[in-house]
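If you're matching positions, the sequence shown starts at 112 in my numbering and goes up one per residue.
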Amino acid sequence: MIIEANCKINLGLDILRRRPDGFHDVETVMYPVRGLFDVVEVTRTEASGAEFRAEGLAVDCDAADNLCLRAFRLMHDRYGVDGVRIRLDKRVPFGAGLGGGSSDATAVIRAVDDLFGLHLDEAERIDCAAALGSDTAFFVRNTPQLCTGRGEVMMPCPIDLAGMTLVIIKPDEGVSTREAYAGVSPCVPAVSLAERLQRPVTEWQRSVTNAFEPSVFAAHPAIRAAKERLLAAGAVYAAMSGSGSAVFALFDVSASSHEKGESLHRLSPYVFAL
């Protein structure tokens, strides 16, 4: 079974409070990016355990710690499945706040469910995914979702960016989740993110913010500079995705426009029509 495990961007990200369990309550809208994806191939084998092969972009972790294998181990422990071969063709930049690893994990859950005939319902798939990470559950639905709690509590969010062009820049440097959270000051905004996102996209730059940006930009000027380049190029909205280091921008132009398309591709190889 071959799955295109697409990534996501965050449209706004508020960090509301620190929880007793050490996590933070957040509010964010996750939006799928269909054009940028890893390829996850899962097949059944006669052998026990899981064979794993990664190719494409290098991932900064040991193979045994890859989320694909962690997802298989979770499914093995919960449902007794055994014997798979997993091939990961990594295309989504690693450590970017784009959720590539989380999407890969959810792809493995979906593949194992289908290959072994488990017939899990959506709630069960979400529960499995949420056990692996805060944004992993999003990829079960893989549609615009208002995410709260640690990010695993979801509500459909009717945001449609069709007709816009998305550009993503991934600076060379990375930002760990621990570093990002260490620099934030939780705050409950006077107007909720859901309400602010109901305004026209052209007004988002003033009100739809990512709470990680101030501290991350201070420590990583190259990430700030990437966002500034996107705004200078005419983006109607630009922000960092998740805890970084990728930044993205929405342009109110057609990606098929030759002249504008050439200009956007000079900014980044990651240019997608929404």
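We put the CB at the ideal spot given by N, CA and C, even for glycine.
Beta-carbon spacing of residue i, residue j below 8 Å
i: residue 358; j: residue 378; result: no
i: residue 243; j: residue 308; result: no
i: residue 209; j: residue 119; result: yes
i: residue 197; j: residue 153; result: yes
i: residue 126; j: residue 360; result: no
i: residue 381; j: residue 278; result: yes
Integer Cβ distance of residue i from residue j, believed to fall under 8 Å
i: residue 273; j: residue 385; result: 6 Å
i: residue 149; j: residue 203; result: 5 Å
i: residue 112; j: residue 225; result: 6 Å
Residue from the options whose Cα sits closest to the Cα of residue i
i: residue 53; options: 314, 355 and 117; result: The requested residue 53 does not occur in the structure, where the chain is confined to residues 112 to 385.
i: residue 304; options: 138, 293 and 335; result: 138
i: residue 270; options: 276, 239 and 311; result: 311
i: residue 185; options: 289, 169, 165 and 160; result: 160
i: residue 313; options: 363, 199, 217 and 221; result: 363
i: residue 187; options: 222, 168, 264 and 214; result: 222
i: residue 206; options: 195, 169, 301 and 131; result: 169
i: residue 117; options: 376, 133 and 252; result: 252
i: residue 295; options: 135, 115, 114 and 131; result: 135
i: residue 349; options: 261, 320 and 330; result: 320
Per DSSP, cross-strand counterpart(s) of residue i
i: residue 140; result: 122 and 257
i: residue 148; result: 117
i: residue 362; result: 276
Where residue i falls: helix, strand or coil (DSSP)
i: residue 342; result: helix
i: residue 202; result: coil
i: residue 207; result: coil
i: residue 135; result: strand
i: residue 269; result: coil
i: residue 319; result: coil
i: residue 156; result: coil
i: residue 351; result: strand
i: residue 294; result: coil
i: residue 248; result: coil
i: residue 192; result: coil
Closer than 8 Å to chain D by CB, residue i
i: residue 210; result: In summary, chain D is missing from the structure at hand, where a single protein chain is found.
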